[in-house]
Amino acid sequence: MPELPEVETIKNGILDVKGKKVTQIYTSDKKLRFPSALNLQDLKDLEIKDIRRRARYLIISLSNNKSLIIHLGMSGKISLTDKFNKEKHDHFATQFNDDSWLIYNDARRFGFVDLIHSSDVENHKMLKNLGPEPLGNEFNEKYLKESLKNKGSNIKTTMMDNKIVVGIGNIYINESLFDAKISPLKAAKELSKTEITRLISSAKTIIQSAIDQGGSSISDYVKASGEMGNFQNTFKVYGRGDKKNPEKCLICKDNIKKIVQNGRSTFYCSNCQK
DNA sequence: AGACGTACCTGACCGC
DNA sequence: TGCGGTCAGGTACGTC
Numbered sequence: 004m005p006e007l008p009e010v011e012t013i014k015n016g017i018l019d020v021k022g023k024k025v026t027q028i029y030t031s032d033k034k035l036r037f038p039s040a041l042n043l044q045d046l047k048d049l050e051i052k053d054i055r056r057r058a059r060y061l062i063i064s065l066s067n068n069k070s071l072i073i074h075l076g077m078s079g080k081i082s083l084t085d086k087f088n089k090e091k092h093d094h095f096a097t098q099f100n101d102d103s104w105l106i107y108n109d110a111r112r113f114g115f116v117d118l119i120h121s122s123d124v125e126n127h128k129m130l131k132n133l134g135p136e137p138l139g140n141e142f143n144e145k146y147l148k149e150s151l152k153n154k155g156s157n158i159k160t161t162m163m164d165n166k167i168v169v170g171i172g173n174i175y176i177n178e179s180l181f182d183a184k185i186s187p188l189k190a191a192k193e194l195s196k197t198e199i200t201r202l203i204s205s206a207k208t209i210i211q212s213a214i215d216q217g218g219s220s221i222s223d224y225v226k227a228s229g230e231m232g233n234f235q236n237t238f239k240v241y242g243r244g245d246k247k248n249p250e251k252c253l254i255c256k257d258n259i260k261k262i263v264q265n266g267r268s269t270f271y272c273s274n275c276q277k
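For the first sequence, the working numbering assigns the number 4 to the initial residue and increments by one for each residue that follows.
Structure, rendered in structure tokens:
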């Protein structure tokens, strides 16, 4: 999916629906990630009170003290448009009192939508065990040092664990480790204090920079407006380690390597990242 | 507790 | 052109 910067960008792109009232709802009969008893028709006539993001979840609070929780999975897209021409993989759409439409489309259906009481959001099964936001103050050197101390597995996989820090997926961990000059193969518990400091700093800088550029568009991610993000143009390692035709590290000119860790592709420079 | 494999899905792309 | 294999922004769950 969209990682944190993409979800943040989508959230910012739909803030306009705040204060609007739902007039019509479309739902498909396809199951998303979880089959749920959710009846989106319950949204009719409700007003959108607030829209926020926690980790990769969008939380939309409604005027009846309920909230929609939306996760985009790997391929989910949200668009805000003037009209609704139903397309393949559109799973729900709501029309507002100014005739605009909010549409959720997800080809792979790894995403989900849930509707719960607003007071239960923090205790939702998918939200209650999440670690800190990468851009927040709680994600600091002391916290990360403590979190990594018993982790014998590699730092790359460990940092993608949402209990440690949320929203950092395969793209941004590859870029963050390159920026911090840390090998993705290094055991998490073996990172020195200065490496932990560098990793935090790199992750925060890269996530913020990606948000500033509207996220990364590879394959099918687009903003709510349909425009592409721009951060993909600044990738230094992600996607640059093609086996047959690897690109060169911008710093040392060695070939960028592509390996597989816990089933996910890792891109790195073995010369710069120790 | 931690580590690892697997499952959930569709579509794009590559090699034959 | 078609077919099979592989890969893709994520996450929960089962098992060792």
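Where is the CB? At the ideal position from N, CA and C, for every residue including glycine. Owing to the predicted nature of the structure, the values given are computational and were not obtained by experimental measurement.
* Reduced DSSP secondary structure (H/G/I, E/B, other) of residue 50 -> DSSP, reduced to helix, strand and coil, places residue 50 within a strand of the structure shown.
* Can at least three beta-carbon pairs, one atom from the stretch 71 to 82 and one from the stretch 94 to 114, be found at a separation below 8 Å? -> Touching, yes, given that three or more Cβ pairs across the two stretches are closer than 8 Å.
* **CA nearest to the CA of residue 142, picked from 124, 168, 84** => Out of 124, 168, 84, 168 has the C-alpha closest to the C-alpha of residue 142.
* **Alpha carbon of residue 264 to alpha carbon of residue 177, nearest angstrom** => The alpha-carbon atoms of residue 264 and residue 177 are separated by roughly 12 Å.
* Asked: If you draw a straight line from the C-alpha of residue 152 to the C-alpha of residue 271, how long is it?
  -> Their Cα atoms are separated by approximately 24 Å.
* To do: Consult DSSP for residue 35 and reduce its assignment to one of helix, strand or coil.
  => Correct three-state label for residue 35: coil.
* **Paired residues, beta bridge with residue 152 - DSSP** => Partner(s): none; residue 152 has no beta bridge.
* To do: Evaluate the contact criterion for the stretch 216 to 232 versus the stretch 5 to 17: three or more CB pairs, one atom per stretch, below 8 Å.
  => For the pair of segments examined, the stretch 216 to 232 was found to touch the stretch 5 to 17: the number of CB pairs separated by less than 8 Å reaches three.
* To do: Classify residue 106 as buried or exposed, calling it buried when 16 or more other Cβ atoms lie within 10 Å of its own Cβ.
  => By the Cβ-count criterion, residue 106 is buried, with 16 or more other Cβ atoms from all chains shown falling within 10 Å of its own Cβ.
* **Spatial distance of residue 3 from residue 89 (CA atoms)** => Residue coverage of the chain in this structure runs from 4 to 277, which leaves residue 3 outside it and unanswerable.
* With respect to the alpha helix (DSSP H) encompassing residue 264, which residues constitute its N-terminal and C-terminal limits? -> Here residue 264 belongs to no alpha helix (DSSP H); instead the beta strand (DSSP E) covers 260 to 264.
* **Ordered list of beta strand (DSSP E) runs contained in the stretch 185 to 227, each at least 3 residues** => Uninterrupted beta strand (DSSP E) stretches at least 3 residues long and entirely within the stretch 185 to 227 do not occur.
* Asked: In or out: residue 260 buried (at least 16 other Cβ within 10 Å) or exposed?
  -> Residue burial is scored here from C-beta neighbours: residue 260 has at least 16 other C-beta atoms within 10 angstroms and is therefore classed as buried.
* Asked: How big is the Cα-Cα spacing for residue 68 and residue 171?
  -> When rounded, the distance between both Cα atoms is 30 Å.
* Asked: What's the call for residue 120, buried or exposed, on a 16-neighbour Cβ count within 10 Å?
  -> It is exposed - the Cβ of residue 120 has fewer than 16 other Cβ atoms within 10 Å.
* Beta-carbon contacts of residue 245 that lie in its chain and below 8 Å, excluding the five residues immediately before and after -> Excluding sequence neighbours, residue 245 sits near 261.
* Asked: Of the choices 116, 222, 213, whose alpha-carbon is the least far from that of residue 305?
  -> Since the first residue shown for the chain is 4 and the last is 277, residue 305 is missing from the structure and cannot be characterised.
* Reduced DSSP secondary structure (H/G/I, E/B, other) of residue 113 -> Here residue 113 sits in coil by DSSP.
* To do: Answer with buried or exposed for residue 6, where buried requires no fewer than 16 other C-beta atoms within 10 angstroms of its C-beta.
  => Around the beta-carbon of residue 6, 16 or more other beta-carbon atoms lie within 10 Å, marking it buried.
* Could you spell out where the alpha helix (DSSP H) holding residue 10 opens and where it closes? => Taken as a continuous stretch (DSSP letters only), the alpha helix (DSSP H) holding residue 10 covers 7 to 16.
* Are residue 50 and residue 91 closer than 8 Å when you measure CB to CB? -> Result no, Cβ atoms of residue 50 and residue 91 do not sit closer than 8 Å.
* Is the beta carbon of residue 252 less than 8 Å from the beta carbon of residue 274? -> Against a cut-off of 8 Å, the Cβ pair of residue 274 and residue 252 comes out as a contact.
* To do: Work out the CA separation of residue 257 and residue 250 for me, nearest whole Å.
  => Taking the straight line joining both Cα atoms gives about 8 Å.
* Just confirm the distance between the C-beta atoms of residue 284 and residue 182, as a whole number of angstroms; I'd bet it's less than 8 Å. => Not covered by the structure: residue 284. The range shown for the chain is 4 to 277.
* Within its chain, find whatever has a CB closer than 7 Å to the CB of residue 18; leave out the 5 residues flanking it on each side and keep chain order. => So the list reads 54, once near-sequence residues are dropped.
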